[in-house]
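J.: Structure in structure tokens, see below.
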Amino acid sequence: VNAYTNHGKNSGEWSEWIEETTLEGNPSVVRNLTASAISKENITLKWYHPEIPNGIITNYTVEYGEFESPNITSLSFLVFKSHFDMHTFAVQIEQLKNYRKYKFRVNAFTNHGLNSGEWSEWINETTFEGNPSIVRNFTASAISKEKINLTWHHPETFNGVITNYIVEYKEFNSSNITSLTILTFKIHFDTPAFTTQVKQLKNYQKYEFRVKALTNHGMNPGEWSEWVDETTLEGIPSVPEDLIGNVSSSRDISLRWNEPKQLNGIVRSYTVAYSGFKPYNLSFEHNEKIVVNSTQVLISSLYPGTNYTISVNAETIVKGPSSKINITLPYDEPFAPILLKLENQISEQTTIVLHSVPSFTGPI
């Protein structure tokens, strides 16, 4: 400051300079705000300090929320002198949801947080894909002797884009597991349920199944479902094993056999069919069929001297192929002839007329 007299013509001496600073104002907006996902739960935010601080920046406030949600979370980050040694300021937002789009904005503060700057524009970023939750309502249903349908609802929480499901299955109480990968497409998510078919299974075999979902092109697996079991429908049994026939008499044959190696169901009965012929009596036929519930039977009331072809079939819900043997019964005594009449009884010779005997027991 200087004083003047004589209407400003005579100046005095200048005072010493003194200093003072205006109060802190509001900083300008932060610059170059970016968001970058670094994991399925974390996003890093970076920005440049305001071009015009208008004071000492003491803290930054970050607001964020799920995209299109009105719920906002606010975080305050203190700023120290060392932070201004670099042009950028970086923070990490943690404990976010997997594969979720978030919005962010930042504001700078001076005067110990009392003077706020302008908010930056909102920016968006999505966390990485995570692991889907477990599939729901998993069921297995047999539709044939070789096929089982599997149905489940998609996971409640995808945590990404489900690109495939993996089904594991095995025979009940077996350790040999078969794995199937099933690709998914957008159309599969038009309905809540997903269905696939497991083929080329064994007849009437109990199987166990489990399934899990995967995101991130199969890189992020979800949890396995619980094992569920189902049994294929009954099929055709194989032939009865080790069929043996023994001649008990000239009129009886005893049979025994073992159950089929491949039951393919519940064997409810066996059908024993036999057909007899006599090479010396081409007009003779003897065809019969009996049903038994055991693996042995005695066939009675047969004809001696007859060649019998015998077949045995096992039956579940359908009849299986037959096991066959051929047995020839021994000859037996023929029936007594029947006297019809006597002729020329007055002469030295008598003619006896007999009724012919059927060749049921052997060639006459």
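Numbering (the numbering used here), first residue to last: 3 to 366. For each residue, glycine too, the CB sits at the ideal point set by N, CA and C. Computed from a prediction, not measured in an experiment: that's the story for all the values here.
One question on the structure: do Ser122 and Val230 come within less than 8 Å of each other, judged by their Cβ atoms?
T.: Within the sequence shown, residue 122 is the residue found at index 120, counting from 1. Within the sequence shown, residue 230 is the residue found at index 228, counting from 1. No. Outside cutoff.
J.: Go to Asn300, then tell me how far its beta strand (DSSP E) extends in each direction, as first and last residue.
T.: In the sequence shown, the residue the question calls residue 300 occupies position 298. Checking the displayed sequence, the identity of residue 300 turns out to be Leu instead of Asn. Note, Leu300: beta strand (DSSP E), 298–301.
J.: Going by beta-carbon coordinates alone, are Phe130 and Leu47 separated by less than 8 Å?
T.: Residue mapping note: residue 130 aligns to position 128 of the sequence shown, counting from 1. Residue mapping note: residue 47 aligns to position 45 of the sequence shown, counting from 1. No, the Cβ-Cβ distance between Phe130 and Leu47 is not below 8 Å.
J.: Distance, Cα to Cα, Ile292 vs Ala275?
T.: Residue mapping note: residue 292 aligns to position 290 of the sequence shown, counting from 1. Residue mapping note: residue 275 aligns to position 273 of the sequence shown, counting from 1. Going from the Cα of Ile292 to the Cα of Ala275 covers about 6 Å.
J.: Report the partner residues of Arg102 according to the DSSP bridge assignment.
T.: Working through the sequence shown from its first residue, we reach residue 102 at position 100. Paired residues: none, contrary to the question.
J.: Going by beta carbon distance, what residues of the same chain come within less than 6 Å of Pro332, once the five residues before and after it are set aside?
T.: Along the sequence shown, read from residue 1 onward, the residue named residue 332 stands at position 330. Taken in chain order, the residues that qualify are Ser252.
J.: Are the beta-carbon atoms of Pro336 and Ile366 separated by less than 8 Å?
T.: Here the question's residue 336 lines up with position 334 in the sequence shown. Here the question's residue 366 lines up with position 364 in the sequence shown. Yes.
J.: Beta-carbon separation of Asn266 and Ile246 under 8 Å?
T.: On the sequence shown, position 264 is the one that residue 266 refers to. On the sequence shown, position 244 is the one that residue 246 refers to. No, the pair does not count as a contact, with Cβ atoms beyond the cut-off.
J.: Using a Cβ-Cβ cut-off of 8 Å (strictly less than) and excluding sequence neighbours within five positions of Ser76, which residues of its own chain qualify?
T.: What you label residue 76 is simply residue 74 of the sequence shown in a count that begins at 1. Around Ser76: Thr63, Val64, Glu65.
J.: From the DSSP output, in three-state form, read off Phe286 for me.
T.: To locate residue 286, count along the sequence shown from 1; it is residue 284. Of the three classes helix, strand and coil, the one that applies to Phe286 here is strand, per DSSP.
J.: In chain order, what residues of the same chain lie with their CB nearer than 6 Å to the CB of Trp124, ignoring the 5 residues before and after it?
T.: Taking the sequence shown and counting its residues from 1, the one referred to as residue 124 is at position 122. Excluding sequence neighbours, Trp124 sits near Lys105, Arg107.
J.: Alpha carbon to alpha carbon, what distance is there between Asn151 and Val163?
T.: Taking the first residue of the sequence shown as 1, we reach residue 163 at position 161. Taking the first residue of the sequence shown as 1, we reach residue 151 at position 149. Each residue's Cα considered, the two are about 24 Å apart.
J.: Pick out whichever of Ile168, Ala39, Glu21 has its Cα sitting closest to the Cα of Arg212.
T.: Numbered from 1 along the sequence shown, position 210 holds the residue referred to as residue 212. The shortest Cα separation from Arg212 among Ile168, Ala39, Glu21 belongs to Ile168.
J.: Tell me where the beta strand (DSSP E) around Asp231 begins and ends.
T.: Translated into the one-based positions of the sequence shown, residue 231 becomes position 229. That run of the beta strand (DSSP E) goes 230–233.
J.: Just to confirm my understanding: we take Gly57, look at its own chain, exclude 5 residues before and 5 after, and list those with CB closer than 7 Å. What are they?
T.: Your numbering for residue 57 matches position 55 in the sequence shown. If we look at Gly57 and ignore the five residues flanking it on each side, its Cβ neighbours are Glu26, Gly27, Pro29, Thr112, Asn113, Asn117.
J.: Could you check the C-alpha separation between His9 and Glu18 for me, to the nearest Å?
T.: Taking the first residue of the sequence shown as position 1, residue 9 is located at position 7. Taking the first residue of the sequence shown as position 1, residue 18 is located at position 16. About 23 Å.
J.: Per the contact definition of three or more C-beta pairs closer than 8 Å, is the region 96–104 in contact with the region 36–44?
T.: Yes, since at least three Cβ pairs between the region 36–44 and the region 96–104 fall closer than 8 Å, the two stretches touch.
J.: Could you tell me whether the region 215–230 touches the region 283–297, where touching means 3 or more Cβ pairs closer than 8 Å?
T.: No contact exists between the region 215–230 and the region 283–297.
J.: With 16 as the cutoff for other CB atoms within 10 Å, does Tyr380 come out buried or exposed?
T.: Here the chain comprises residues numbered 3 to 366, so residue 380 is not present and cannot be evaluated.
J.: On a CA-only basis, which of Thr128, Phe79, Thr363, Val241 is nearest Phe286? Give me that one, please.
T.: As a first step, residue 286 must be located in the sequence shown, where it is residue number 284. Selected option, being the one with the closest Cα: Thr363.
J.: Of the choices Ile74, His85, Asn4, whose alpha-carbon is the least far from that of Tyr50?
T.: Taking the sequence shown and counting its residues from 1, the one referred to as residue 50 is at position 48. Checking every option, the nearest Cα to that of Tyr50 belongs to His85.
J.: Residue range of the beta strand (DSSP E) that Asn56 falls in?
T.: The count along the sequence shown starts at 1 and reaches residue 56 at position 54. Counting along the chain, Asn56 falls outside any beta strand (DSSP E), and DSSP gives it neither H nor E.
J.: Within 10 angstroms of the Cβ of Gly115, are there 16 or more other Cβ atoms? Answer buried if so, exposed if not.
T.: Counting from one through the sequence shown, the residue named residue 115 turns up at place 113. It counts as exposed.
J.: Name the residue from Gly14, Ser13, Val3, Thr141 whose alpha carbon lies nearest to the alpha carbon of Glu21.
T.: The residue given as residue 21 occupies position 19 in the sequence shown. That would be Val3, whose Cα lies nearest to the Cα of Glu21.
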